[in-house]
Each structure stands twice: as C-alpha cells, then as structure tokens.
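Notes for the one structure printed next.
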Amino acid sequence: MNVPMLLPQFLDRAVKLYGKKAAIIGEKQTYTYSEVNNRVNQLSRGLIETGVGKGDRVAYLAPNTSEMYEGFYGVLQLGAVMVPLNTRLKPEDYVYILNHSGSKVLFVDHELMNQIEPIREQLTMVEAIIVHDLEQAGDGLIPYENWLEQFNTAPVDRPEMDENDLATLLYTSGTTGKPKGVMLSHRSNFLHALTSMHHLRVSDRDVLLHVLPMFHVNGWGSPFYYTANGAAQVFLKKVVPEEIFRKVNEYGVSVMHMAPTVLNGLLQYADKQETVKAASNLRIVIAGSAPPPAFVKRVEEKLHWEFIQVYGMTEASPLITTSIIRDTQDHLTNDEKYRLKSKAGYEFIGSEVKVVNEDGDEVAHDSHEIGEIVVRSNTVMEGYWNNPEETNHIIRNGWYHTGDMAVVDEQGNIEIADRKKDIIISGGENISSIEVEGVLYDHPAVLEAAVIAVPHDKWGETPQAIVVLREGHEASEDELITFARSRLAHFKAPTIIVFVEELPKTGSGKIQKVHLRKDYWKDKGRLVN
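Remember, our numbering sits 146 above the position in the sequence shown when you count from 1.
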C-alpha cells in the first residue's frame, strides 16, 4: 500500500485524538486543536475566494503567533505553497523574494507593515495583503480577523495531492548574493518530522515554547512534528528573557528550540537575578554556531536544562545530526559529556552524513583532518526555485555539499570546524574560527565573541576577535590575547581584539560574520585571501 505523506495529516491526527486539548496558546487567545482547525478551515476558504489554488504561493511576514501557525495548515491543505519570510530583512529584499516566488497573497503582522508599505507598488504578483491584528480596513489592506470570520468552519474539499508536491518555499538569507528559494516537498517535510520527533523525544505530554522564529530553519519544522503528537504549543512574539522565563513557568514548558545567542541571553538574565524560578528537566534544542563545552556546562549545571545540539540547514529540511549522549557513552564523566554535546554529533535516522576531502574520500576519524560535510537523505531539498545552475552546483553525484568544514572523532562524531568562507588561512596554516571562539568564551569577562580573518601584509590574513564583554566585567586586548595564547597554538590565537557593544545577528540570533568582514576587506575586492 502506498499512501501519500501529506502534511495536513498531522493536524488531522491532533484534532482526532486531542481535539478538546488547549493546544495553541497565543498572546491573546488559547485554542483547542478543534478550534484552531476551525480557523484553519476558515482561512482555507478565504484563500479559495481570493483565488488561491493548488501550487500557488502564499507568503507570511509575521513573528511567532497563532495566526502564523494557522497559515501552515490553511495554506497546505489547499495544495498551495507556504513562503515564510524572514522578519529582519530590508524592504528591497521582500520585493525580490515576493516577486521571484510569485506569491499571490501576503499575510503581514501589523507591526511589520512598515517593511511592506514602502514597496507595495513594486510587488508585481501579490493580489491581496491581509494584516494580522489590523482593526480597520483601508488603503487596500484587509484586517485578518474580520476577513476570517466571514467564512465557514466546515472542512474544505482538498485537491488531489502527491507527496512530491511542493509544500514550503524557504528563502536563504542571501548574504553572498540574491536569496535562493529552497523547495521542500510534503514528503521531505513529513519524513523530517518523523525522524526529528524520534530523536528529540517529542510526545503528547510536551509543551513547546516557540522561541525559534517560524520563518527560520527548524522554526518551520516544529509546527509539524509537535502538532502530529498533540503537544501544546505556546507562542512567543518577542524574544525577551524575562518573558521566556515567565512563560516557561506559567505553562509548564518542557522543550524550546533556540539559537545559542538567545540561550546565552537567558544565562545572563539568570546571572543578574538573585532568584530565578526555572523549571528543571527542560530540553533545550540548539542549532547554529557550535557552542564551547563550558557553555553546555553552564546550561546543565546552572539552569538544570538538558542541552541538545542539532545540526542541519534549510536545504535538508533541516536537521540531519544530533549530539545526544548514546548509551555506549554513559560511562563518561560530565565534562567529557559536555565536550561531546558541543559537537554536531552523529547522523539522524534516514540521513547519510559524512565528511570528505577535496577528492571526495572520507577524512580520517582522528579529530584532525578537515573536510566538507555532505549529506544524502530523503529530506534534502528538491532544488532551488527557478535556479537549476545553483542546484546542480550544490547537489553533485547524489550528495548535497553543505559548505561546512568539520573533523570526525574516533567514535564517528562530527565536529564543525567552520564554514568554508570562515576558515582562516594564516601563513598557510588553517585556523578554525570556532575553535578560537571556544577558548575566548572560557574567559569570565567574555559574553560573545566572533573571530574573523582580516588582511595581513606578511601572513595574508590573521585572526581578529570582535568581543562583547559581560556587564560589570573588564578585560584588555593584551589580556585576552595572552589568555588565548595560553590555550592555543600561538599561530591560532587572535592578534587583534576589538571590543563592541553588540554583534550583528540574523533573525534567529546567529552572528553574521560576513558583515564583520566587509569593513576590513572592502578595498581588496574579496572577503578572503
């Protein structure tokens, strides 16, 4: 028997088994799974009347809200395609993405309309703009709630759909050119949900706090596998540490997904409070830059939260590895476990992941030889939207080439060394910026650190650290350089330290090194030697 794997089946299951459960907890309103399903049906009917059908693209520019969640299922059960937009882009970026994707309808949170107003006349494909929390219609804008309540809550007639149909179109950040639209099918998203819910131990007893933006990698994955399990989902519109702790305790949150910088902010907040009530036994799922072991230790020993490192990318739906301790590693000391948990780890079920050299051969499992991570999986994208050249460049011989450089230890655990463009080559020696950052994070005065390559007359390039100090702490450039040289081979230690108040970050909290490098390389015509 071959039954298509379609994403609306997840909400169907939740309604059938958990219909009366208070499940979607927004800023203003709580809905049961049956109630949110009624709203999803109203949304679908509204889209049909607006002219949306199978294959049409529907874009969302919104923070983590129940209205954003409704979009995933209201759009997908029509066979239409969900296009979540990064909330931190510039208006001109939205012009490109909305026109390139051919999005027919745009949903916008009222607080983000200032990003759309300047470019409305340039949107060649958008036929309707529907605004969340807008109280009154005007200037061609449609208030979401007024629009929604016009439509019947009865189930809609779904079109015939295939699991290989496009479900989500997700645009990369575009730091090295125009954003690329990653095409993911129902099948890719469905299989990713199944493997993720297994590795992350998702159950109907979970309460998820949506911290990671739902436009971002795995932010858009979580509405699938937590819904499939009937978990309660709490929405967080703005990432504020005090509000996160409040919601964790008020709703009995058991799991959160977030970037390392957000978790670092929670630790800083906890440090400043004499007493912070923080529920223990929470699972914190972290993706993004590799954290140092000292960071993992602080999370598990100060907050008593379980730290789970995962690794992936938009093009793989996204998760493909995890560092959860295996039963064969239970005998290790806590410090040894913290070291393992800071790695990308081992492959998810359903993904083949390896690290290869320039000849395509696997690197030695010795924690020294650096190669590129490649993956083959049913969750890897169908390709880039209207961009076959870039698709063929990145998927070669059946493997997706991630651009991430890594080493592999004797037990097969992958450890990220750097992005290809972030490897520093000084005097012919390869330096992992992540390794250097890990050492700097061990210094008690360092809150955040980013290490980049800057031009050097003799060595070609040299490592420079951009550092944010903890509040109430002091450290000099010489002190941090000496500290790094005491723990690293001298050629790896930063030769320059620059202190700043804040580091540039993406919408999910990932430090944007490309912006840090630009000022130093602008006269070179490139960002590396």
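Just so it is clear, CB atoms sit at the ideal spot from N, CA and C, and this is done for glycine as well.
Q | Own chain partners of phenylalanine 494 with C-beta closer than 7 Å, once the 5 adjacent residues on each side are dropped | A | Only Thr341, His345, Leu465, Ile466, Thr467 and Thr468 meet the Cβ criterion.
(Q) Only counting the same chain, and skipping five residues up and downstream in sequence, which positions put a Cβ closer than 8 Å to that of valine 526? (A) Closer than 8 Å at Cβ, skipping near neighbours: Ser334, Glu461, Ala462, Ser463, Ile541 and Tyr546.
(Q) Can you tell me whether histidine 246 is buried or exposed? The criterion is at least 16 other CB atoms within 10 Å of its CB, across all chains shown. (A) Flag for histidine 246 reads buried.
Q: Thinking valine 520 and valine 502 are a contact (beta carbons under 8 Å), I'd like their distance in whole angstroms, please.
A: Taking the Cβ atoms as the reference, valine 520 lies roughly 6 Å from valine 502, within the contact range of under 8 Å.
Q) From this set, His589, Val592, Ala595 and Pro601, which residue's C-alpha is nearest isoleucine 570's C-alpha? A) A check of alpha carbon separations from isoleucine 570 across His589, Val592, Ala595 and Pro601 identifies Pro601 as the nearest.
Q. In three-state terms, what does DSSP make of threonine 322?
A. With a pLDDT of 46 at threonine 322, under the threshold of 50, the predicted position of this residue should be treated as unreliable, though the coordinate-derived value follows. Coil at threonine 322, not helix or strand.
Q: Less than 8 Å between the CB atoms is what I'm expecting for glutamate 447 and phenylalanine 453, so what's the real figure, rounded?
A: Actually they do not touch by this definition, with Cβ atoms about 10 Å apart.
**Q.** Identity of the residue in Ala313, Lys236 and Arg347 nearest glutamine 223 by Cα
**A.** Measuring C-alpha to C-alpha distances from glutamine 223 to each of Ala313, Lys236 and Arg347 identifies Ala313 as the nearest.
Q.
What would DSSP say about phenylalanine 494, mapped onto helix, strand or coil?
A. The answer is coil: DSSP assigns phenylalanine 494 none of H, G, I, E or B.
Q) Would you call the segment 650-659 and the segment 587-601 in contact, with 3 or more CB pairs under 8 Å? A) Pairwise C-beta distances place the segment 650-659 in contact with the segment 587-601, as three or more of them are shorter than 8 Å.
Q) Quick one, which of Gly506, Leu354, Phe381 and Lys236 has its alpha-carbon nearest valine 431's? A) Per the Cα distances, Leu354.
Q: Return the CA-CA distance between aspartate 564 and arginine 203, expressed in angstroms with no decimal places.
A: Between the C-alpha atoms of aspartate 564 and arginine 203 there is a straight-line separation of about 35 Å.
Q: Please name the residue, chosen from Ile470, Val613, Lys324 and Ala374, that lies closest to proline 154 on a Cα-to-Cα basis.
A: Residue nearest to proline 154 within the set Ile470, Val613, Lys324 and Ala374 is Ala374 (criterion: CA-CA distance).
Q.
Measuring alpha carbon to alpha carbon, tell me which residue in Gln610, Gly201 and Trp605 is nearest isoleucine 643.
A. Minimum Cα distance to isoleucine 643 is reached at Gln610.
Q) Is it a yes or a no for the segment 252-271 touching the segment 223-240, going by three-plus beta-carbon pairs under 8 Å? A) Yes, since at least three Cβ pairs between the segment 252-271 and the segment 223-240 fall closer than 8 Å, the two stretches touch.
**Q.** For asparagine 210 and tyrosine 415, the rounded distance between their alpha carbons
**A.** Going from the Cα of tyrosine 415 to the Cα of asparagine 210 covers about 22 Å.
Q.
Could you compute how far the alpha carbon of leucine 626 sits from the alpha carbon of phenylalanine 645?
A. The alpha-carbon atoms of leucine 626 and phenylalanine 645 are separated by roughly 11 Å.
Q. Does the beta-carbon distance from glycine 749 to phenylalanine 297 come in below 7 Å?
A. Outside the shown range of the chain (147 to 675) lies residue 749, about which nothing can therefore be said.
Q. Got a sec? Which residues, its chain only, sit under 8 Å from glutamate 607 by beta carbon, not counting five neighbours each side?
A. Excluding sequence neighbours, glutamate 607 sits near Ile570, Ile571, Ser572, Ala599, Val600, Pro601, Val674 and Asn675.
Q. Which same chain residues, not among the five before or five after proline 650, have their C-beta less than 6 Å away from its C-beta?
A. Scanning its chain for C-beta atoms nearer than 6 Å, with the 5 sequence neighbours on each side dropped, one finds around proline 650 the residues Gln658 and His661, in chain order.
**Q.** Delimiting residues of the beta strand (DSSP E) encompassing valine 401
**A.** Looking at the DSSP string, the run of the beta strand (DSSP E) that includes valine 401 is 401-404.
Q: Leaving out five residues on either side along the sequence, give the residues of the same chain with a beta carbon under 6 Å from the beta carbon of tryptophan 366.
A: The residues are Pro230 and Met360.
**Q.** Pick from Val394, Tyr317, Ala377 and Ser368 that is closest to tyrosine 530, judged by C-alpha positions
**A.** Comparing Cα-Cα distances from tyrosine 530 to each of Val394, Tyr317, Ala377 and Ser368, the minimum goes to Tyr317.
Q. Starting from isoleucine 540 and walking both ways along the beta strand (DSSP E), at which residues does that stretch end?
A. It is not in any beta strand (DSSP E) - isoleucine 540 instead sits in the alpha helix (DSSP H) that spans 534-540.
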